[in-house]
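Residue numbers (the numbering used here): 31 to 304.
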């Protein structure tokens, strides 16, 4: 397989580096693509973040995150849409490849999963005119079913692509291996996304056995059970060759390590096991 670039999702070093420090670390490591989170952008200021991106000719593979659409009231849903409009402005200021959506789960005490998914579709539809006018693609990130209640009621690539088909070509998917590796229809779903030209991002890490915390115990590539080369081949066969974005939430391991060490290991693992 051909060599592909690395993007650092800044969640991977969030406990040791802010936005500027992470960029400096990436440049030392020869990494020229990043994916920041909105709180990290806010901490340094949008104007300064944009200046750093432009001054260093960085590719911003995504801004994390928009979404969280479902709410119990119309006013709550509108407030969530308004926040997504601000997220689009932030992504546009950084010339990001896409705005990544974690769409949200069941609102309040609801048990209506189809209803929550409809709120997601309606919310994305409401933000789309501004996204298109701003030149920002929208990437729905399906999350593992364990998050269906509280974080994301869209749990498979196929579910995300159904929304994409409804809303049009500037809405696609972010394929995060942590969330989709288990799907028995993964190969077919990625191929479908390729035919639709809707793969906008490819996130990598690993699933540890045992996993101590379902949110904050992701593994470094090669330390778990995900067949990373197989998924990469599926994604490349589907026509996506963008950077592999490393996104590792690891409160008890990688978040405690020196950032330069983390990037060194990332480079080695991407070269050897991805």
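Ideal Cβ positions, reconstructed from N, Cα and C, are used throughout, including at glycine. Being a predicted model, the structure only gives us computed values, none of them experimental.
Excluding the 5 residues preceding and the 5 following residue 71 in the sequence, name in chain order all residues of the same chain whose CB lies nearer than 8 Å to its CB. Taking C-beta separations shorter than 8 Å and ignoring five residues to either side along the sequence, the partners of residue 71 in its chain run 49, 79, 93, 120 and 124, following chain order.
Bridge partners - residue 92, DSSP secondary structure assignment: BP columns for residue 92 are empty, so no partner.
Every unbroken alpha helix (DSSP H) inside the stretch 161-189 [4 residues or more]: DSSP runs (the alpha helix (DSSP H)) wholly in the stretch 161-189: none.
Near residue 264, which residues of its chain fall below 6 Å by C-beta distance, leaving aside the five closest residues on each side in sequence? Here the set comprises 217 and 220.
Do residue 115 and residue 155 have their CB atoms nearer than 9 Å? Contact annotation: residue 115 and residue 155 have beta-carbon atoms that are not nearer than 9 Å.
Opposing strand residues paired with residue 234 [DSSP bridges]: Answer is 276, bridged to residue 234.
Three-state class that DSSP yields for residue 192 in the structure shown: DSSP, read as helix, strand or coil, puts residue 192 in helix.
Candidates 274, 97, 214 and 158: which alpha carbon is nearest residue 200's? Ranked by how close their Cα comes to the Cα of residue 200, the residues 274, 97, 214 and 158 have 158 in first place.
With a threshold of 16 other CB atoms inside 10 Å of the CB of residue 117, please say whether the residue is buried or exposed. With 16 or more other Cβ atoms inside 10 Å of its own Cβ, residue 117 counts as buried.
Quick check: the Cα distance between residue 144 and residue 165, rounded to an integer number of angstroms? Going from the Cα of residue 144 to the Cα of residue 165 covers about 30 Å.
Run of the alpha helix (DSSP H) containing residue 217, from where it starts to where it stops: Residues 216-226.
Quick check on residue 132: does DSSP put it in helix, strand or coil? In this structure, residue 132 counts as strand in the three-state DSSP scheme.
Could you give the DSSP three-state label for residue 300: helix, strand or coil? Assignment of residue 300 by DSSP, reduced to helix, strand and coil, places it in the helix class.
Answer with buried or exposed for residue 182, where buried requires no fewer than 16 other C-beta atoms within 10 angstroms of its C-beta. Answer is buried; the Cβ neighbour count reaches 16.
What is the DSSP secondary structure of residue 74, counted as helix, strand or coil? The three-state reading of DSSP puts residue 74 in helix, counting H, G and I together.
Three-state class that DSSP yields for residue 113 in the structure shown: Helix at residue 113.
Apart from the five residues on each side of it in sequence, which residues of its chain come closer than 6 Å, Cβ to Cβ, to residue 96? Spatial neighbours of residue 96 in its own chain (CB-CB distance under 6 Å, excluding positions within 5 residues in sequence) are listed in chain order as 114, 117, 129 and 131.
State the CB to CB distance for the pair residue 150 and residue 126, rounded to an integer number of angstroms; the pair is presumed to be in contact (CB under 8 Å). Incorrect: roughly 21 Å between the Cβ atoms, too far for contact.
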